[in-house]
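Asker: Provided herewith is a single structure, encoded as structure tokens, for subsequent inquiry.
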Ligand code: HEM
Ligand SMILES: [Cu+2]
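Protein chains in written order, with the working numbering: chain A, 1124 to 1253; chain B, -9 to 585.
Take a look at the structure:
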């Protein structure tokens, strides 16, 4: 976890140097704003990981000497399949058509996305099967 | 515990995943509902390749138009639509999705020993968004206004509702909003997978370089794509809700679009390139029978390229007169340093190795040469005085096509390399070699005339051009080159057909490579692994298959055999070659830091 944190913090720190340099050299606001966005993208998650890394034991994947056995057990829930991504994608597709061709695509688009979001949530509760 | 004991243990173990009992669907339903990263990865690659063929056909039509100065094959409007859609399809819908949606999706979980991506259903959604977006973009051709015609960069104010009215441009915007979200989701998924689902012992500095590159690519996606998606939403609001963010008339700033676009656009260049740097870093060691030279240097170079590339967007705007020339020039030139490190490491990996010139290896060598040309001309363009001359000429077109064709060569290498893993049978190597030469010659025959045309001042994005400028013959040469390039993809399709017709079955590790994906069967089972070898270096499968090979660990890595076993006599090829190069006897080289 520690190296993960450091990588992100490093990127954030570098972008901080760049943004400060850019701002004082150019005075251009839009680029500076976007660079600060990049700083935050590095520092926020990086800081979070680092903060956790200090508070927990290294995981098996953080330790060079970990054995395969230590990784045994339940890793997480990995559903074999689900219809809901397709349904949500269809809704998003209709949403795209609405943007380009007319607002009458909007109700079915939002409807499908809502159904899919609900479906995916209840599916997760049941443990990931279709 | 010694290595051997541990190996036996690992045989006995099966990692368990929480999956509920269920009936396996089949056929179309299976594909439509699949959340398996391997299925999604293959769908991505297939879709991206189909789109590449469509975009490529458009390119060939444009080249046909340009073989004579005043061809009337296409109207000016049609030509504008074609170059816009060609560029958009290739950049947004082919190279990127092929790399981070296709290859990364398929390979990353396998290489780190994970059962799937961290968010399988989000992963499937990414694909459906990408497919939907791609269809919407193509639908632009069927609108009354025709497809978008403002170039793949959609500069304001050309892209405003007044200058580019109609549903075609809106379809273009909608498509990119969808594919933008798709990319962001994939980015989140990749980062989470790499941070949380590595096998025990797979520390960050034991991950294959491909995985490192995909991690950094994903971080770049998260930095860059939200900017593009927001900019597109602003553009849409300008066009439909009278927002005037990018139009002077309502108090907006047109050049803001360029700032936003290129803040995404240059990192995007490396979002496209880094995955293929990773591919090359897998293939070269596999066919040189050596570990990668300078592992940590590679990781650092990747990070440096990514960080620097976020601060160079202004080099696309030198001629606007409103960017800080020295800043962007300096930052752009600095990227040459980490890129150079990579080149040295690739060459040093091949140096003294037992190289076999298989198709993937040839493609990688083609990549090295082509990318070098593209990178060096990029250095020229990063110098404002040169760029003032070259901007918007065919020189720029040649520069970025060199770069992107290099990526295409690497993509072909990746397909030949991972095909046996993905399908369980090989692509024919002889036809592959023919394809390589046709592709490589075709690319250079296209791009070199373009460089010269650019130096002679031919502007880009024109459908007709002046007589008597000396441009005609070079244009014919470029068209011939483009046709040869096109031919190479027909050879590829033919190869798929012939290899499929007479399948040669592939074992789990056909190339004797070292990374984890070669440990599981070809193709891998659902959830990828039934067992995992001990991971003691960045080449766990090599260590497993070559237990008596001398432990020459990659720099800074501890050796798998360091646990009290003395090195043997150096009977493997690498150790001998190394000795032949004049370094002290292998095993006492001091590279084995942990012993
Ligand atoms: C060594 C690194 C590179 C440098 C220094 C560099 C530099 C440049 C510069 C200065 C331009 C602007 C030229 C102009 O419009 O006048 C440019 C254009 C371009 N480059 Fe690169 N480049 C590099 C690598 C790449 C890579 C890796 C890619 C793609 C994967 C790429 C793709 C492009 C594209 C698409 C354009 C054209 C943009 C347009 O339509 O105006 N470049 N490059
Ligand atoms: Cu650039």
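Every residue gets a Cβ at the ideal spot worked out from N, C-alpha and C, and that includes glycine.
Given the structure is predicted, the values throughout are model-derived calculations rather than measurements.
Relative to chain B, which residues along the segment 1138 to 1161 of chain A have a C-beta separation below 8 Å, given in chain order?
Answerer: Per Cβ criterion, the list reads 1138, 1141, 1144, 1145, 1148, 1149, 1151, 1153, 1154, 1157, 1158, 1160 and 1161.
Asker: Please classify residue 271(B) as buried or exposed, where buried requires at least 16 neighbouring CB atoms within 10 angstroms.
Answerer: Here residue 271(B) is taken as the residue at index 281 of the second chain, counted from 1. Looking at its Cβ environment, which holds 16 or more other Cβ atoms inside 10 Å, residue 271(B) is buried.
Asker: Starting from the beta carbon of residue 1243(A), find every residue of chain B whose beta carbon is closer than 8 Å, and list them in chain order.
Answerer: On the first chain, position 120 is the one that residue 1243(A) refers to. In chain order: 111.
Asker: Hey, out of 1149(A), 1225(A) and 1159(A), whose CA is closest to residue 1135(A)'s CA?
Answerer: Translated into positions along the first chain, residue 1135(A) becomes position 12. Taking only the C-alpha atoms, the option nearest residue 1135(A) is 1159(A).
Asker: Using a cut-off of 7 Å between C-beta atoms, extract the partners of residue 524(B) located in chain A.
Answerer: By one-based count along the second chain, residue 524(B) stands at place 534. Simply 1190 and 1191.
Asker: Classify residue 561(B) as buried or exposed, calling it buried when 16 or more other Cβ atoms lie within 10 Å of its own Cβ.
Answerer: Position 571 of the second chain, counting from 1, holds the residue named residue 561(B). Reliability of the predicted coordinates at residue 561(B) is poor, the pLDDT of 34 falling under 50, and the value obtained from them is presented with this limitation in mind. Counting Cβ neighbours within 10 Å, residue 561(B) comes out exposed, since fewer than 16 surround it.
Asker: I'd like to check one pair, residue 514(B) with residue 191(B): are the Cβ atoms closer than 9 Å?
Answerer: Residue mapping note: residue 191(B) aligns to position 201 of the second chain, counting from 1. Residue mapping note: residue 514(B) aligns to position 524 of the second chain, counting from 1. No, the pair does not count as a contact, with Cβ atoms beyond the cut-off.
Asker: Taking only heavy atoms of ligand 2 into account, decide whether any of them is closer than 8 Å to the Cβ of residue 322(B).
Answerer: Residue numbering aside, residue 322(B) sits at position 332 when the second chain is read from its first letter. Because some heavy atom of ligand 2 lies under 8 Å away, the Cβ of residue 322(B) counts as near it: yes.
Asker: Measure the Cβ-Cβ separation of residue 528(B) and residue 328(B) and say whether it is below 9 Å.
Answerer: Position 538 of the second chain, counting from 1, holds the residue named residue 528(B). Position 338 of the second chain, counting from 1, holds the residue named residue 328(B). No.
Asker: Drop a sphere of 10 angstroms on the beta-carbon of residue 556(B), count the other beta-carbons inside from all chains shown, and report buried for 16 or more, exposed for fewer.
Answerer: Looking up residue 556(B) in the second chain gives position 566. Unreliable placement is indicated for residue 556(B), whose pLDDT of 33 sits below 50; the coordinate value is still reported in the next sentence. Counting Cβ neighbours within 10 Å, residue 556(B) comes out exposed, since fewer than 16 surround it.
Asker: Is the segment 77 to 89 of chain B touching the segment 258 to 269 of chain B in the sense that three or more CB pairs, one from each, lie closer than 8 Å?
Answerer: Cβ pair count under 8 Å is three or more, so yes.
Asker: Report yes or no: is there a C-beta of chain A within less than 9 Å of the C-beta of residue 24(B)?
Answerer: For the purposes of this step, residue 24(B) is taken as the residue at position 34 of the second chain. So yes, residue 24(B) belongs to the interface.
Asker: Would you please verify whether the beta carbon of residue 28(B) is less than 9 Å from any beta carbon of chain A?
Answerer: As a first step, residue 28(B) is located in the second chain; it is residue number 38 there, counting from the start. For residue 28(B), the answer is no, since every Cβ of chain A falls outside 9 Å of its Cβ.
Asker: Any beta-carbon of chain A closer than 9 Å to the one on residue 240(B)?
Answerer: Taking the second chain and counting its residues from 1, the one referred to as residue 240(B) is at position 250. Taking Cβ atoms only, chain A never reaches closer than 9 Å to residue 240(B), which makes this a no.
Asker: What residues in its chain sit with their C-beta under 7 Å from that of residue 108(B), if we drop five residues either side in the sequence?
Answerer: To locate residue 108(B), count along the second chain from 1; it is residue 118. 179, 182, 183, 186 and 187.
Asker: Find out if the Cβ-Cβ distance for the pair residue 143(B), residue 248(B) is shorter than 9 Å.
Answerer: Start at 1 with the first residue of the second chain, and residue 143(B) comes out as number 153. Start at 1 with the first residue of the second chain, and residue 248(B) comes out as number 258. Going by C-beta atoms, residue 143(B) is nearer than 9 Å to residue 248(B).
Asker: Would residue 122(B) and residue 32(B) be called neighbours here (beta carbons separated by less than 9 Å)?
Answerer: In the second chain, residue 122(B) corresponds to position 132, counting from 1. In the second chain, residue 32(B) corresponds to position 42, counting from 1. No.
Asker: Could you please give me the residues that DSSP links to residue 495(B) through a beta bridge?
Answerer: Position 505 of the second chain holds residue 495(B). In DSSP, residue 495(B) forms a bridge with 415(B).
Asker: Going along the chain, which residues of the segment 1197 to 1215 of chain A sit with their C-beta nearer than 8 Å to a C-beta in chain B?
Answerer: Within the segment 1197 to 1215 of chain A, the residues whose Cβ lies closer than 8 Å to some Cβ of chain B are 1197, 1198, 1199, 1200, 1201, 1202, 1203, 1204, 1205, 1206, 1207, 1208, 1209, 1211, 1212, 1213 and 1215, listed in chain order.
Asker: For the alpha helix (DSSP H) holding residue 34(B), just list the boundary residues, first then last.
Answerer: Walking along the second chain from the start, residue 34(B) turns up at place 44. Residues 27 to 56.
Asker: I think residue 335(B) touches residue 403(B), with their Cβ atoms under 8 Å apart; what is that distance to the nearest whole Å?
Answerer: By one-based count along the second chain, residue 335(B) stands at place 345. By one-based count along the second chain, residue 403(B) stands at place 413. That belief does not hold up - the Cβ atoms of residue 335(B) and residue 403(B) are roughly 17 Å apart, past 8 Å.
Asker: Taking only beta-carbon positions, decide if residue 137(B) is within less than 9 Å of chain A.
Answerer: Here residue 137(B) refers to the residue found at position 147 of the second chain. It does not; no Cβ of chain A falls within 9 Å.
Asker: Confirm, please, whether the CB-CB distance from residue 172(B) to residue 117(B) is below 9 Å.
Answerer: Locating residue 117(B) in the second chain gives position 127, counting from the first residue. Locating residue 172(B) in the second chain gives position 182, counting from the first residue. In contact: residue 117(B) and residue 172(B) (Cβ atoms closer than 9 Å).
Asker: What is the rounded straight-line gap between the Cα of residue 331(B) and the Cα of residue 439(B)?
Answerer: Indexing the second chain from 1 puts residue 331(B) at position 341. Indexing the second chain from 1 puts residue 439(B) at position 449. Their Cα atoms are separated by approximately 30 Å.
Asker: Would you please state the rounded distance, in angstroms, between the beta carbons of residue 421(B) and residue 355(B)? I believe it to be under 8 Å.
Answerer: Stepping through the second chain from its first residue, residue 421(B) is reached at position 431. Stepping through the second chain from its first residue, residue 355(B) is reached at position 365. About 18 Å separates the two Cβ atoms, so there is no contact after all.
Asker: Under 8 Å, CB to CB, which of the residues in the segment 222 to 241 of chain B have a partner in chain A?
Answerer: Hits within the stretch, in order: 226.
Asker: Specify whether the segment 460 to 470 of chain B and the segment 428 to 439 of chain B touch according to this definition: at least 3 beta carbon pairs, one from each stretch, less than 8 Å apart.
Answerer: Touching, per the Cβ criterion.
Asker: Please tell me whether, using a cut-off of 8 Å, the distance from the CB of residue 1141(A) to the nearest non-hydrogen atom of ligand 2 is below it.
Answerer: By 1-based counting over the first chain, the position of residue 1141(A) is 18. Answer for residue 1141(A): no, Cβ out of range of ligand 2.
Asker: Tell me which residue opens and which closes the alpha helix (DSSP H) that residue 1214(A) is part of.
Answerer: The sequence position of residue 1214(A) within the first chain is 91, counting from 1. 1207 to 1224 is the extent of the alpha helix (DSSP H) around residue 1214(A).
Asker: If residue 395(B) and residue 360(B) are in contact, beta carbons under 8 Å, what's the gap, nearest whole angstrom?
Answerer: By one-based count along the second chain, residue 395(B) stands at place 405. By one-based count along the second chain, residue 360(B) stands at place 370. The Cβ separation is near 6 Å, so the contact holds.
Asker: So does residue 306(B) have its beta carbon nearer than 8 Å to some heavy atom of ligand 2?
Answerer: Counted from its first residue, the second chain places residue 306(B) at position 316. Result yes, Cβ under 8 Å from ligand 2.
Asker: Should residue 263(B) be flagged as near chain A, meaning a C-beta pair shorter than 9 Å?
Answerer: Mapped onto the second chain, residue 263(B) falls at position 273. It does not: the Cβ of residue 263(B) has no partner Cβ on chain A nearer than 9 Å.
Asker: In angstroms, rounded to a whole number, what distance separates the CA positions of residue 1247(A) and residue 1200(A)?
Answerer: The sequence position of residue 1247(A) within the first chain is 124, counting from 1. The sequence position of residue 1200(A) within the first chain is 77, counting from 1. Each residue's alpha carbon lies about 9 Å from the other.
Asker: Could you say which of 492(B), 504(B) and 242(B) lies nearest to residue 525(B) if we only look at CA atoms?
Answerer: Locating residue 525(B) in the second chain gives position 535, counting from the first residue. Ranking 492(B), 504(B) and 242(B) by Cα distance to residue 525(B) puts 504(B) first.
Asker: So, does the CB of residue 1166(A) fall closer than 9 Å to a CB anywhere in chain B?
Answerer: The sequence position of residue 1166(A) within the first chain is 43, counting from 1. Chain B, which has no Cβ nearer than 9 Å to the Cβ of residue 1166(A), makes this no.
Asker: Which runs of the beta strand (DSSP E) spanning at least 3 residues fall entirely within the segment 1149 to 1191 of chain A, listed in chain order?
Answerer: Within the segment 1149 to 1191 of chain A, no complete beta strand (DSSP E) run reaches 3 residues.
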